[in-house]
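A.B. asks: This is the structure I have questions about; it appears just below.
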Amino acid sequence: EYWGEANLSKDRFVRTVGVPRRAAEWYDAMAPAFRANLDALADGVNQYAERYPERIVDSVKAVLPVTAQDAIAHGQLVVHFRFMVSGQVDVPATRLTATPASNMWAVAPERSASGNALLLGNPHLPWSDFFLFFEAHQATPSRNLYGVSLIGSPVIAIGFNDFVAWSHTVNTQDGADVYRIIKQGQGYLLDGVEREFTSRTELLHVKASDGSMRTDTLVIRSTVHGPLISEDTESTLAVRVAGLDDPGALAQWWDMGGARNSADFESIIRRINVPFFNVMAAGQDGTILYFFGGKTPRRPHGDFTYWRSPVPGDSSALIWDDHLGYDELPHLRNPATGWLQNANDPPWTVTWPMAFDPEQYPAYLSPRGMGLRAQQSALLQLADSSFTLDELVAAKHSTRVLLADRVLDELVRAAEGGDEVAQRAARVLAKWDRTVDAESRGAVLFLAWVHHWTRGGPAFARPWQADSALSTPAGLARPADAVAALRTAAAEVERAYGSLEVPYGEVMRLRYGGKDLPGNGGDDGGLFRVANYIPDTDGKYRIVGGDTYYQAVELGRPVRAKVLLAYGNATQPGSKYIGDQLELFAAKGMRDAWRDRREIEANLDLREELPPATSARSGGR
2 EYWGEANLSK
12 DRFVRTVGVP
22 RRAAEWYDAM
32 APAFRANLDA
42 LADGVNQYAE
52 RYPERIVDSV
62 KAVLPVTAQD
72 AIAHGQLVVH
82 FRFMVSGQVD
92 VPATRLTATP
102 ASNMWAVAPE
112 RSASGNALLL
122 GNPHLPWSDF
132 FLFFEAHQAT
142 PSRNLYGVSL
152 IGSPVIAIGF
162 NDFVAWSHTV
172 NTQDGADVYR
182 IIKQGQGYLL
192 DGVEREFTSR
202 TELLHVKASD
212 GSMRTDTLVI
222 RSTVHGPLIS
232 EDTESTLAVR
242 VAGLDDPGAL
252 AQWWDMGGAR
262 NSADFESIIR
272 RINVPFFNVM
282 AAGQDGTILY
292 FFGGKTPRRP
302 HGDFTYWRSP
312 VPGDSSALIW
322 DDHLGYDELP
332 HLRNPATGWL
342 QNANDPPWTV
352 TWPMAFDPEQ
362 YPAYLSPRGM
372 GLRAQQSALL
382 QLADSSFTLD
392 ELVAAKHSTR
402 VLLADRVLDE
412 LVRAAEGGDE
422 VAQRAARVLA
432 KWDRTVDAES
442 RGAVLFLAWV
452 HHWTRGGPAF
462 ARPWQADSAL
472 STPAGLARPA
482 DAVAALRTAA
492 AEVERAYGSL
502 EVPYGEVMRL
512 RYGGKDLPGN
522 GGDDGGLFRV
532 ANYIPDTDGK
542 YRIVGGDTYY
552 QAVELGRPVR
562 AKVLLAYGNA
572 TQPGSKYIGD
582 QLELFAAKGM
592 RDAWRDRREI
602 EANLDLREEL
612 PPATSARSGG
622 R
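Spelled out as structure tokens, the structure:
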């Protein structure tokens with residue numbers, strides 16, 4: 002209706018899964034005080050647009066005025082469908098440009114040089130679309146909260162206050178299932194009986210290139226499993242998503258931001274209103290905790306792999322109506338190891354030695370395994386038994402390539418017996434410092450080799466094993482093939498850049514907001530410092546995702562925090578805040594979070610008082 006035919010498939014999906022109707026129902030079901038906060042958010046957006054119309058591009062004005070229900074619908078689409086359903090169905094509304102990921106740590110007082118608990122929060126998302134974060138500080142009579150929300154969300158989702166700091170990572174929880182429906186007669190087969198589809202019709206307005214409107218008729222058919230998302234002559238797929246009956250996610254995040262101690266924080270996350278994401282927290286009282294969060298359906302049987310593919314829809318025994326409670330899900334408070342980590346690995350390796358026995362949980366809960374980035378995360382923690390805040394910041398920026406420690410020596414030895422090209426490449430890799438810093442020479446060659454080496458099937462001589470989770474996989478399964486891949490990579494790098502020793506940052510570029518800086522980090526080989534690069538038009542690579550907002554917090558008295566929002570806190574054309582933090586990103590630096598009035602007033606760019614009506618409607622918040 003606003004932007005034309007190209008968006009119709011997304012609109013049809015959003016209507017099919019009921020987002021607009023459900024958003025209105027959720028608004029009505031929310032507590033009046035929180036509903037007032039959402040109304041205030043919408044008022045603020047609309048008042049800004051009225052006060053500064055020249056700052057709103059014409060194409061965006063079509064959505065005004067916004068409502069609280071719009072914010073609810075947006076959050077529902079992002080969390081329940083773009084995060085939870087993506088990967089199980091391939092429709093434009095859930096398709097992701099990059100795989101969301103994250104790192105997070107909690108360090109107990111006994112492993113902190115100051116005796117204060119520490120927390121590192123480090124989400125990795127695309128640097129575009131509605132995955133952008135907005136950095137904010139909320140200072141009210143009852144809270145001093147700092148952190149970020151995703152664009153369009155009314156609440157801080159990752160942050161810290163004077164008592165607790167927390168973060169999220171995308172977890173390995175499966176909160177949505179696809180069912181293969183068997184058609185029979187005019188309906189579908191369930192428990193040997195023909196059942197009728199339920200249906201409703203909705204009308205969508207579609208804008209043509211000449212500005213005229215046409216009406217698109219959408220017939221939405223559903224089974225007891227959920228709405229049909231694809232259909233052919235014999236069978237069709239229906240999707241069932243956990244948490245669509247719970248409007249409390251936004252309110253839970255709001256309450257998390259107001260927690261005054263770790264016990265209070267844990268009692269809030271115990272509600273499991275947020276349907277997805279791991280949670281990790283550290284408190285001023287010295288507590289650290291982890292929770293494998295989200296609404297995991299209570300399924301009758303099967304393992305994780307079984308439920309990740311479409312399951313038979315002809316048996317009601319496979320249709321779940323409940324989810325596991327807090328005490329049935331992996332959660333850990335103050336482990337004996339003194340530290341916690343998650344880098345999108347399953348919950349079993351949140352600390353080491355393992356504190357959970359996977360056999361004590363349903364097989365469908367989560368897969369087994371520990372990727373190289375998660376292993377690097379754990380190894381960095383184990384390498385320092387007395388972290389300072391500055392050391393936490395330094396560890397967060399580690400660019401060491403763990404994969405190189407597992408295979409490089411063997412690769413170099415094998416290549417030294419090869420032809421002239423292989424031998425030259427081996428000499429470069431032998432001198433490489435095994436990092437992907439901007440000045441690293443050999444990193445471009447190594448990562449080009451990884452690309453070719455992994456194409457030929459299983460590449461490691463020793464696969465990952467749970468009893469050696471921090472040292473496997475390792476070794477070359479086929480040394481001759483690895484050398485052949487190195488020859489190919491060497492020719493490719495030399496042809497593109499004229500040298501096998503081209504500096505990493507000369508090829509990997511931080512091109513954003515009109516800036517063009519040498520890059521560091523990457524997304525291969527167990528890198529803890531994540532940066533996603535894609536080919537650019539000049540043969541080099543530009544960043545499109547990875548590290549976004551990150552926070553390193555020391556929970557002392559007072560709280561100390563270092564933060565960074567890599568791409569800056571604006572996208573508005575002409576804003577000086579687009580990419581204004583990119584130089585710090587390139588230098589692997591962070592800045593102090595300003596949270597007290599003296600710091601804030603010393604660094605003000607603009608002071609604006611909101612109209613009294615807005616303040617009253619928001620309950621003084």
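Mapping of the sequence shown onto the numbering used here: residues 2 to 622, in sequence order. Beta carbons are placed, not taken as given, at the ideal position from N, Cα and C, and that holds for glycine. As the structure is a computational prediction, the values presented were derived from the model and not from experiment.
1. How is Glu-440 classed by DSSP in three states: helix, strand or coil?
2. On the three-pair Cβ rule with 8 Å, is the stretch 102–122 touching the stretch 153–173?
3. For a quick check, are the C-beta atoms of Arg-442 and Glu-493 less than 8 Å apart?
4. From which residue to which residue does the alpha helix (DSSP H) around Ser-378 run?
5. Following the continuous beta strand (DSSP E) through Met-281, name the residue where it begins and the one where it ends.
6. Which runs of the alpha helix (DSSP H), 4 residues or longer, sit entirely within the stretch 61–118?
7. Report yes or no: do the stretch 426–440 and the stretch 540–555 share at least 3 C-beta pairs separated by less than 8 Å?
8. I need the boundaries of the beta strand (DSSP E) containing Thr-199, first residue and last residue.
9. According to the neighbour-count rule (16 or more other Cβ atoms, all chains shown, within 10 Å of its Cβ), is Ser-616 buried or exposed?
10. Could you check what DSSP says for Gly-153 in three-state terms: helix, strand or coil?
11. If you drop the 5 nearest sequence neighbours on each side, which residues of the same chain put their C-beta closer than 7 Å to that of Leu-373?
12. Would you grab the beta carbon distance between Glu-267 and Leu-290 for me? Rounded to a whole angstrom, and I think it's under 8 Å.
13. Measuring alpha carbon to alpha carbon, tell me which of Thr-68, Thr-17 and Asn-162 ends up nearest Arg-596.
14. For Phe-14 and Ile-230, I'd like the C-alpha separation in whole angstroms.
15. Using 7 Å as the cut-off, classify the Cβ of Thr-306 as near or not near the heavy atoms of the ligand HEM, replying yes or no.
16. With DSSP run on the structure shown, which of helix, strand or coil describes Tyr-542?
17. Comparing C-alpha positions only, which one of Ala-416, His-226, Leu-341 and Trp-349 sits nearest to Leu-383?
18. Between Tyr-28 and Ile-157, what straight-line distance do the alpha-carbon atoms span, to the nearest angstrom?
19. Identify every run of the alpha helix (DSSP H) within the stretch 465–538, keeping only runs that are complete inside it and at least 4 residues long; order them along the chain.
20. If I'm right that Ala-486 touches Pro-248 with Cβ under 8 Å, what's the distance once you round it to whole angstroms?
21. Shortest alpha-carbon distance to Leu-325 belongs to which of Ser-378, Arg-271 and Pro-354?
22. Applying the criterion that 16 or more other CB atoms from any shown protein chain within 10 Å of the CB defines a buried residue, is Gly-244 buried or exposed?
23. Identify whether Trp-349 lies in helix, strand or coil by the three-state DSSP scheme.
24. Tyr-307: buried (16+ other C-beta within 10 angstroms of its C-beta) or exposed?
25. Taking only three categories from DSSP, how would you classify Met-214?
26. Val-275 and Trp-254 look like a contact to me (Cβ under 8 Å); what is the Cβ gap, rounded to whole Å?
27. Once DSSP output is grouped into helix, strand and coil, what is the label at Phe-164?
28. Run the CB neighbour count on Glu-6, radius 10 Å, all protein chains shown included, and call it buried at 16 or more, exposed below.
29. Three or more C-beta pairs closer than 8 Å, one from the stretch 75–86 and one from the stretch 187–194: is that the case here?
30. Inspect the beta-carbon positions of Leu-583 and Leu-511 and report whether they are closer than 8 Å.
31. Taking one C-beta from the stretch 464–480 and one from the stretch 410–426 each time, how about it: are there three or more such pairs within less than 8 Å?
32. Would you mind sorting Glu-555 into buried or exposed? The rule is 16 or more other CB atoms within 10 Å of its CB.
33. Between which two residues does the alpha helix (DSSP H) holding Tyr-49 run?
34. For Asp-406 and Ser-472, I'd like the C-alpha separation in whole angstroms.
35. Using a threshold of 8 Å, state whether the C-beta atoms of Pro-348 and Phe-305 are closer than that.
36. Would you mind reading off the limits of the beta strand (DSSP E) that contains Glu-195?
C.D. replies: Reading from the atomic positions:
1. Position 439 of the sequence shown, counting from 1, holds the residue named residue 440. If DSSP states are grouped into helix, strand and coil, Glu-440 belongs with coil.
2. yes
3. As a first step, residue 442 is located in the sequence shown; it is residue number 441 there, counting from the start. As a first step, residue 493 is located in the sequence shown; it is residue number 492 there, counting from the start. It is not a contact, given that the beta carbons lie outside the stated cut-off.
4. On the sequence shown, position 377 is the one that residue 378 refers to. 373–383 is the span of the alpha helix (DSSP H), which, as asked, contains Ser-378.
5. Position 280 of the sequence shown, counted from the start, is the residue given in the question as residue 281. Start and end: 279–284.
6. 69–77
7. no
8. Indexing the sequence shown from 1 puts residue 199 at position 198. Element bounds for Thr-199: 199–208.
9. For the purposes of this step, residue 616 is identified with residue 615 of the sequence shown, where counting begins at 1. Reliability of the predicted coordinates at Ser-616 is poor, the pLDDT of 38 falling under 50, and no value is obtained from them.
10. Working through the sequence shown from its first residue, we reach residue 153 at position 152. Gly-153 falls in the coil class under three-state DSSP.
11. Residue 373 sits at position 372 when you count from the first residue of the sequence shown. Within the same chain, Leu-373 has close Cβ partners Leu-403, Leu-404, Gly-526 and Gly-527.
12. Here residue 267 corresponds to residue number 266 of the sequence shown, with the count starting at 1. Here residue 290 corresponds to residue number 289 of the sequence shown, with the count starting at 1. At roughly 6 Å, the Cβ-Cβ gap stays under 8 Å, so Glu-267 and Leu-290 are in contact.
13. Position 595 of the sequence shown, counting from 1, holds the residue named residue 596. Among Thr-68, Thr-17 and Asn-162, the Cα nearest to that of Arg-596 is on Asn-162.
14. Position 13 of the sequence shown, counting from 1, holds the residue named residue 14. Position 229 of the sequence shown, counting from 1, holds the residue named residue 230. If you take the alpha carbons of Phe-14 and Ile-230, they lie about 8 Å apart.
15. This structure lacks the ligand HEM, and indeed carries no ligand of any kind.
16. Mapped onto the sequence shown, residue 542 falls at position 541. Three-state DSSP puts Tyr-542 in a strand.
17. Position 382 of the sequence shown, counting from 1, holds the residue named residue 383. Among Ala-416, His-226, Leu-341 and Trp-349, the Cα nearest to that of Leu-383 is on Leu-341.
18. Taking the first residue of the sequence shown as 1, we reach residue 28 at position 27. Taking the first residue of the sequence shown as 1, we reach residue 157 at position 156. If you take the alpha carbons of Tyr-28 and Ile-157, they lie about 19 Å apart.
19. 480–498 and 505–508
20. As a position in the sequence shown, residue 486 is number 485, starting the count at 1. As a position in the sequence shown, residue 248 is number 247, starting the count at 1. In fact, because the Cβ distance is near 52 Å, the residues do not count as touching under 8 Å.
21. Stepping through the sequence shown from its first residue, residue 325 is reached at position 324. The residue with the shortest Cα to Cα distance from Leu-325 is Arg-271.
22. Within the sequence shown, numbered from 1, the residue matching residue 244 stands at position 243. The residue is buried, with at least 16 neighbouring Cβ atoms inside 10 Å.
23. Along the sequence shown, read from residue 1 onward, the residue named residue 349 stands at position 348. Here Trp-349 sits in helix by DSSP.
24. Within the sequence shown, the letter at position 306 stands for residue 307. That one is exposed.
25. Position 213 of the sequence shown, counting from 1, holds the residue named residue 214. In this structure, Met-214 counts as strand in the three-state DSSP scheme.
26. Along the sequence shown, one-based indexing puts residue 275 at 274. Along the sequence shown, one-based indexing puts residue 254 at 253. Going by Cβ atoms, the distance from Val-275 to Trp-254 rounds to 7 Å, so yes, they are a contact pair.
27. In the sequence shown, counting from the first residue as 1, residue 164 sits at position 163. If DSSP states are grouped into helix, strand and coil, Phe-164 belongs with coil.
28. Position 5 of the sequence shown, counted from the first residue, corresponds to residue 6. It is exposed - the Cβ of Glu-6 has fewer than 16 other Cβ atoms within 10 Å.
29. no
30. Counting from 1 along the sequence shown, the entry for residue 583 is found at position 582. Counting from 1 along the sequence shown, the entry for residue 511 is found at position 510. In this structure, Leu-511 lies closer than 8 Å to Leu-583 by Cβ.
31. yes
32. Translated into positions along the sequence shown, residue 555 becomes position 554. Under this definition Glu-555 is a buried residue.
33. Within the sequence shown, the letter at position 48 stands for residue 49. From DSSP, the alpha helix (DSSP H) with Tyr-49 extends over 33–52.
34. If you number the sequence shown from 1, residue 406 lands on position 405. If you number the sequence shown from 1, residue 472 lands on position 471. Each residue's Cα considered, the two are about 10 Å apart.
35. As a position in the sequence shown, residue 348 is number 347, starting the count at 1. As a position in the sequence shown, residue 305 is number 304, starting the count at 1. Result no, Cβ atoms of Pro-348 and Phe-305 do not sit closer than 8 Å.
36. Residue numbering aside, residue 195 sits at position 194 when the sequence shown is read from its first letter. Glu-195 -> beta strand (DSSP E) spans 194–196.
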